[in-house]
Each structure stands twice: as C-alpha cells, then as structure tokens.
C-alpha cells in the first residue's frame, strides 16, 4: 500500500536549460540602431527646405521676426545689454523697510554703448535715486544703429524697477 503523500509515478528528470546567448549587434545595420536619428534628419531637411525668409510673389514684406538678421532694418534705437551690465544693487535702507519703487532716467547713449548726462525724471522714493544713477552710469548698451552704423542717442529713457520677491 502506498504511503500517503507518495505518488506512484516518479517525477520527470530535470532537463538541462539552453544557455542564453547575447544578442548579436552586428546582424542589424547601424542605421536601425538609433531610429530617432532618422526622424531628426527628416526634421532638419524640412526646416532647411521651408525657406520662410525668401521673398513672396505677392510683393508684401515679411514681418520683421521672419527676416534673417542680414535683412533686418538698418535703423533701431539703443537697448540695455543686460549680460554686459553690472547687477543692480538694492539700497540697504529699502531692503530693511521692504520698499519697492522705480526711477525713470533720461540719458545720452554714445556710439560705444556707454551712458552719460543721466538725470532723474521721476522717482517713487529718493532712496532709490543714487543706486539707479550708479547702475545706469556703469551699464553697457547696444547703441542705436542708423544705416548700419552705431550713432549717439540723446534723451534715451530708461526705468529702473526695484521689486522685492517674498
């Protein structure tokens, strides 16, 4: 009589497992290894073939944002060069009192990008005046351009804003 829990049939012998082989990477062509490269190349092709800067048959000019740099207008006013300018220093008294304000300044911007003859036109509080004048005196500007040449601009208006972030 068989023992309880004992089966008459013997379990099958374990079969050896086949060894896993690493996938060969030389069977596939290189162009299929990075399918995203195909899409990127196609996108570059579309961008280069679109040519939005070319003239149209209608004779209407493109808006300035669609023109290449070489065809932008040869005349524009001065602009502050934030990368070449120093950091604006917040007045110590204004920091302690959590004050915000703004100062409007008129200056002459020379062809070399430097400001001179700066004067305060309007100020929300005199505590900001000295810091604003110092900032503008040391700031660098992109000069005005007329017919492709940098020129001096008188009465350039600039507003310096002081805002505390909480």
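Residue numbers (UniProt numbering): 1 to 166.
Note that CB positions come from ideal geometry on N, CA and C, so glycine has one too.
Integer-rounded CB distance, given that residue j should sit under 8 Å from residue i
| i | j | result |
| --- | --- | --- |
| residue 105 | residue 141 | Not a contact, Cβ separation roughly 12 Å. |
| residue 107 | residue 164 | In fact, because the Cβ distance is near 26 Å, the residues do not count as touching under 8 Å. |
| residue 162 | residue 115 | Actually they are not in contact, since the Cβ atoms of residue 162 and residue 115 sit about 19 Å apart, beyond 8 Å. |
| residue 148 | residue 125 | Between residue 125 and residue 148 the Cβ distance is about 42 Å, and since that is not below 8 Å, they are no contact. |
Member of the options whose CA lies at the smallest distance from the CA of residue i
| i | options | result |
| --- | --- | --- |
| residue 87 | 131, 78, 151 and 149 | 131 |
| residue 136 | 82, 75 and 76 | 82 |
| residue 143 | 156, 111 and 120 | 111 |
| residue 129 | 92, 152, 146 and 150 | 92 |
| residue 166 | 85, 84 and 98 | 98 |
| residue 120 | 84, 85, 160 and 78 | 160 |
| residue 156 | 118, 90, 139 and 133 | 118 |
| residue 96 | 127, 77 and 85 | 127 |
| residue 78 | 85, 113 and 84 | 113 |
CB of residue i within 9 Å of CB of residue j, strictly
| i | j | result |
| --- | --- | --- |
| residue 123 | residue 151 | no |
| residue 146 | residue 75 | yes |
| residue 139 | residue 89 | no |
Just list the alpha helix (DSSP H) runs in the UniProt domain "TonB C-terminal" (75-166), keeping only unbroken ones of 4 residues or longer that don't cross its boundaries, in chain order.
Taking only runs of at least 4 residues, the alpha helix (DSSP H) segments lying wholly in the UniProt domain "TonB C-terminal" (75-166) are 92-96 and 129-138.
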